[in-house]
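Residue numbers (the working numbering), protein chains in the order written: chain D, 11 to 284; chain H, -6 to 269. These notes are about the structure you will find just below.
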Amino acid sequence: MSVLKRLSKSKYFNTVLWIVILIIVWEIGATVVAATKRSPENILPHLSGIIESVVSKDTINGSQTAVQMVLENAKATISRALVGFGIGTALGFVLALFMSRFKTVEKIAFPYLMIIQMIPILGMAPLIFAITQDISKSRIIIAAILTFYPVATNTLAGFKAVEKEKHELMISYAASKFQLYTKTMIPSCIPYFFTGLKISAPMAITASILVDTLQGGIGLGCLLSQALKGAMSRYVFWQIVFLSAFIGIFSFLLMGIIEYVLCPYKRKGNKQEE
Amino acid sequence: MPLSVFLLKLKGMMKMADMQNSNVEIMLKDIGMVYKTNDGRDVTALTGVSLDIQKGEFISLLGPSGCGKTTLLRIIADLLQPTSGEISIAGESPRDARLSKKYGIVFQSPVLYDWRTVKKNIMLPLEIMHIPKAEREDRAMKMLDIVGLTEFANHYPNQLSGGMQQRVGIARALAIQPQILLMDEPFSALDEFTKEKLHEDLLRIWAKTNKTIIFVTHNIQEAVFLSSRICVLSPHPGRLSAVIDVDLPRPRTMDIKDTPEFTAYVAKVRNSFEGI
Chain D
11 MSVLKRLSKS KYFNTVLWIV ILIIVWEIGA TVVAATKRSP ENILPHLSGI IESVVSKDTI
71 NGSQTAVQMV LENAKATISR ALVGFGIGTA LGFVLALFMS RFKTVEKIAF PYLMIIQMIP
131 ILGMAPLIFA ITQDISKSRI IIAAILTFYP VATNTLAGFK AVEKEKHELM ISYAASKFQL
191 YTKTMIPSCI PYFFTGLKIS APMAITASIL VDTLQGGIGL GCLLSQALKG AMSRYVFWQI
251 VFLSAFIGIF SFLLMGIIEY VLCPYKRKGN KQEE
Chain H
-6 MPLSVFLLKL KGMMKMADMQ NSNVEIMLKD IGMVYKTNDG RDVTALTGVS LDIQKGEFIS
54 LLGPSGCGKT TLLRIIADLL QPTSGEISIA GESPRDARLS KKYGIVFQSP VLYDWRTVKK
114 NIMLPLEIMH IPKAEREDRA MKMLDIVGLT EFANHYPNQL SGGMQQRVGI ARALAIQPQI
174 LLMDEPFSAL DEFTKEKLHE DLLRIWAKTN KTIIFVTHNI QEAVFLSSRI CVLSPHPGRL
234 SAVIDVDLPR PRTMDIKDTP EFTAYVAKVR NSFEGI
């Protein structure tokens, strides 16, 4: 009893509990599916089957094992997502900076930023493909557009959240506009900026994978749709599902880690008494 | 002319001369401030405030909310322009005084920079003034010594208690070596014990640094304990309704609050409010 109590207070208890529950539910489902369907791996294979396919040394296209193939494609997808994410982040930050510095820019740009978020960008992928004539570029552009909005709006919110008193302090120091931004505004908005990054990092990955499915070539999404169509082992599909979930979660965590490293003040809590 | 009359006249002339060769640091003449509300009505925040503040005085601007005390402080700090009247800071306009860094400002909240250590917070205004690094460090450590926080130089603000944070705010304001320290209800968010401690600290710092302090508060005891002069402001419209000299002995300690003189001053100040 006391062991259980102590466990339930542990930081990771919740996470472990969730994983255990998910595994149990998955396995029950897989058992049911295996008993009723003809090719259960198409619907819900046993986890053991997926793990087996991961460690298997059998080649699936003559030269690569399933894992090698998935990882090679993942590399292509991640690097495109990363480039798109980088471009979107840079543009989002710069636009937020301009919106905060010049009221007119905010008035003109901000209402229309919302529209980017409202239209289904992924649906526009064919259009962007038609314009760029290059599927790889289109994938990067879509990832960039999806990254752009959360970064721009969150960073702008960060700029706006700077207290009036900090502005007044800077006025009383006779600080230049440049100093106002480098010493006060930009450092203040970093936590907001990272909130934007945490939202957009998994989105860039998802977008990259989804736009992959649009055309052939190399990329997780391409492989995913091939595997779904039965061109290769279904287990490749399941590996991709797990790997993409992992990449998405990891990209989110990575942003948190970078923030943790860059903002040492956030981790020192214990207050002094009077 | 009889000698006594002559002497009286002479004394008067000397007083005039004394006023002119001016220990006057801040001169406010008929200051008025009228806001326009969103629906176009005029609201008078301040009207006809005239006041001379001497170098090295500790002045309290005391009044209930809505009396324009913070507005007056912000006008002196050149954060607001009055709609009427004249103001001069040792002969300069408030703008010139601000540009030559004559003001140190302390707000109700400490307004510290979370991402900077205590020492770096104090160094911030010095960085903006392009003061060399070695001198910045030196001055910051001196200021920390004055407010008694030397051992917390490398802590982050969120590791400090509210009272300590406010002391960092004071140190930062003093770091630029201003002539005038403007304080806008700096202790009103602190608990009573911390507040009393900081009162004594502030008087000690004032005596040591010889600044002119303008201290906005709504607390009568606080004003009496700290000030050399209390400017009582009354609302609707905001105006200067009384100026009371506080001739309690210095250095003042907490014990003074139990003396009948102190109580008498508190009563006198309280009775000077109009129309609340």
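Heads up, the beta-carbon is just placed ideally off N, CA and C, and yes, glycines get one too. No experiment lies behind these values; they were computed from the predicted model shown.
- If you count every other CB in all the chains shown that lies within 10 Å of the CB of E215(H), and 16 or more means buried, which is it? Taking the second sequence and counting its residues from 1, one reaches residue 215(H) at position 222. E215(H) should be labelled buried.
- I think M242(D) touches I97(D), with their Cβ atoms under 8 Å apart; what is that distance to the nearest whole Å? Here residue 242(D) refers to the residue found at position 232 when the first sequence is read from its first residue. Here residue 97(D) refers to the residue found at position 87 when the first sequence is read from its first residue. M242(D) to I97(D), Cβ: 33 Å. No contact.
- Query: So I82(H) packs on E144(H), CB below 8 Å; how close in whole Å?
  - Reply: Translated into positions along the second sequence, residue 82(H) becomes position 89. Translated into positions along the second sequence, residue 144(H) becomes position 151. No, I82(H) and E144(H) are not in contact; Cβ-Cβ is about 36 Å, not under 8 Å.
- Cut-off 6 Å between Cβ atoms - residues of its own chain near V93(D), not counting five sequence neighbours on either side: As a first step, residue 93(D) must be located in the first sequence, where it is residue number 83. Counting only Cβ-Cβ distances below 6 Å, and skipping sequence neighbours, we find I150.
- Out of S49(D), K21(D), S18(D) and P55(D), point me to the one whose CA is closest to I33(D)'s CA. Taking the first residue of the first sequence as 1, we reach residue 33(D) at position 23. With distances taken between Cα atoms, I33(D) lies closest to P55(D).
- May I ask you to verify whether the stretch 220 to 235 of chain H touches the stretch 44 to 60 of chain H, counting CB pairs closer than 8 Å and requiring at least 3? yes
- Task: Mind checking the stretch 172 to 186 of chain D against chain H and listing, in chain order, the residues whose C-beta falls within less than 7 Å of any C-beta there?
- Result: E173, E175, K176, E178, L179, I181, S182, Y183, A184 and A185
- Candidates I228(D), A106(D), S12(D) and L14(D), of which the one nearest I200(D) by Cα: Working through the first sequence from its first residue, we reach residue 200(D) at position 190. It is A106(D) whose Cα lies nearest to the Cα of I200(D).
- Positions along the stretch 90 to 111 of chain H whose CB lies within less than 9 Å of some CB in chain D: R91, L92, S93, K94, Y96, G97, I98, F100, Q101, S102, V104, Y106, D107, W108, R109 and T110
- Message: Let me confirm a value: Q170(H) is counted as buried when at least 16 other C-beta atoms fall within 10 Å, else exposed. Which label applies?
- Response: Numbered from its first residue, the second sequence carries residue 170(H) at position 177. Per the 10 Å Cβ criterion, exposed.
- Message: List, from N- to C-terminal side, the beta strand (DSSP E) runs of 3 residues or more that fit wholly inside the stretch 117 to 192 of chain H.
- Response: 173 to 177
- Complete runs of the alpha helix (DSSP H) confined to the stretch 81 to 116 of chain D [at least 4 residues]: none
- Task: Can you check DSSP and say which residues form a bridge with V273(D)?
- Result: For the purposes of this step, residue 273(D) is taken as the residue at position 263 of the first sequence. In the sequence under discussion, the amino acid at residue 273(D) is Cys, which differs from the Val named in the question. Note: C273(D) sits in no beta bridge, so no partner.
- First and last residue of the uninterrupted alpha helix (DSSP H) at Q214(H): What you label residue 214(H) is simply residue 221 of the second sequence in a count that begins at 1. From DSSP, the alpha helix (DSSP H) with Q214(H) extends over I213 to L219.
- In this structure, does DSSP put K67(D) in helix, strand or coil? For the purposes of this step, residue 67(D) is taken as the residue at position 57 of the first sequence. In this structure, K67(D) counts as coil in the three-state DSSP scheme.
- Exposed or buried, which one is N14(H) when buried takes at least 16 other CB atoms within 10 Å? Counting from 1 along the second sequence, the entry for residue 14(H) is found at position 21. With a pLDDT of only 48 at N14(H), under 50, the local geometry of the prediction cannot be trusted, and the value read off the model is given with reservation. Exposed, since its Cβ has fewer than 16 Cβ neighbours within 10 Å.
- Item | Segment limits, alpha helix (DSSP H) that includes S210(D) | Taking the first residue of the first sequence as position 1, residue 210(D) is located at position 200. I196 to D222 is the extent of the alpha helix (DSSP H) around S210(D).
- Item | Secondary structure of Y106(H), DSSP reduced to three states | In the second sequence, the residue the question calls residue 106(H) occupies position 113. Looking at Y106(H) - three-state DSSP - the assignment turns out to be coil, as it is neither helix nor strand.
- Message: Can you find the residues in the same chain that come closer than 8 Å, C-beta to C-beta, to A70(H), ignoring five residues on each side of it along the sequence?
- Response: Taking the second sequence and counting its residues from 1, one reaches residue 70(H) at position 77. Taken in chain order, the residues that qualify are P87, R91, Y96, I98 and L175.
- Task: Measuring alpha carbon to alpha carbon, tell me which of K48(H), E50(H), I46(H) and R67(H) ends up nearest M26(H).
- Result: Locating residue 26(H) in the second sequence gives position 33, counting from the first residue. Out of K48(H), E50(H), I46(H) and R67(H), R67(H) has the C-alpha closest to the C-alpha of M26(H).
- Message: If the criterion is Cβ atoms closer than 9 Å, does the pair M109(D) and F169(D) meet it?
- Response: Sequence index remark: in the first sequence, residue 109(D) carries index 99 (1-based). Sequence index remark: in the first sequence, residue 169(D) carries index 159 (1-based). Yes, these two residues count as a Cβ contact at 9 Å.
- Counterpart residues of R88(H) in DSSP-defined beta bridges: Position 95 of the second sequence, counting from 1, holds the residue named residue 88(H). Per DSSP, none; premise fails for R88(H).
- K170(D) CB to nearest chain H CB: under 9 Å? Working through the first sequence from its first residue, we reach residue 170(D) at position 160. False, the Cβ-Cβ gap to chain H never drops below 9 Å.
- Straight-line gap, P136(D) to L123(D) (C-alpha atoms, nearest Å): In the first sequence, counting from the first residue as 1, residue 136(D) sits at position 126. In the first sequence, counting from the first residue as 1, residue 123(D) sits at position 113. Computed Cα separation, rounded: 21 Å.
- Query: Do we get a CB-CB distance below 9 Å when we pair D138(H) with the residues of chain D?
  - Reply: Within the second sequence, numbered from 1, the residue matching residue 138(H) stands at position 145. Taking Cβ atoms only, chain D never reaches closer than 9 Å to D138(H), which makes this a no.
- Item | Contact belief for Y159(D) with I126(D) at Cβ below 8 Å, rounded distance in angstroms | Residue mapping note: residue 159(D) aligns to position 149 of the first sequence, counting from 1. Residue mapping note: residue 126(D) aligns to position 116 of the first sequence, counting from 1. Confirmed, Cβ separation roughly 5 Å.
- Check the C-beta distance from I250(D) over to L263(D) and give it rounded, since I have them as a contact under 8 Å. As a working note, residue 250(D) is residue 240 in the first sequence. As a working note, residue 263(D) is residue 253 in the first sequence. Contact doesn't hold; Cβ gap of about 20 Å is too wide.
- Assigned secondary structure, G59(D) (DSSP; H/G/I helix, E/B strand, else coil): Counted from its first residue, the first sequence places residue 59(D) at position 49. Helix at G59(D).
- Excluding five sequence neighbours on each side, which residues of the same chain lie with their C-beta closer than 7 Å to the C-beta of S89(D)? In the first sequence, the residue the question calls residue 89(D) occupies position 79. Hits under 7 Å: none found.
- Query: Are there 16 or more other CB atoms within 10 angstroms of the CB of H192(H), so buried, or fewer, so exposed?
  - Reply: Position 199 of the second sequence, counting from 1, holds the residue named residue 192(H). By the neighbour-count rule (16 or more Cβ atoms within 10 Å), H192(H) is buried.
- Query: Shorter than 9 Å from the beta carbon of Y28(H) to some beta carbon of chain D?
  - Reply: The count along the second sequence starts at 1 and reaches residue 28(H) at position 35. So no, Y28(H) is outside the interface.
- Cutoff 6 Å; reference N16(H); Cβ partners in own chain excluding five residues on either side: Locating residue 16(H) in the second sequence gives position 23, where the first residue counts as 1. So the list reads Q47 and K48, once near-sequence residues are dropped.
- Message: If I follow the unbroken alpha helix (DSSP H) through S12(D), where does it start and stop?
- Response: As a first step, residue 12(D) must be located in the first sequence, where it is residue number 2. Counting along the chain, the alpha helix (DSSP H) containing S12(D) begins and ends at S12 to K19.
- Message: I need the DSSP call for I207(H), collapsed to helix, strand or coil.
- Response: In the second sequence, residue 207(H) corresponds to position 214, counting from 1. Strand.
- Task: Could you spell out the range, first to last residue, of the alpha helix (DSSP H) harbouring G168(D)?
- Result: For this step, residue 168(D) is matched to residue 158 along the first sequence. Per DSSP, G168(D) belongs to the alpha helix (DSSP H) from I145 to K170.
- Three-way DSSP call (helix, strand, coil) for I129(D) in this model: The residue labelled residue 129(D) in the question sits at position 119 within the first sequence. Reduced to three states, the DSSP call for I129(D) is coil.
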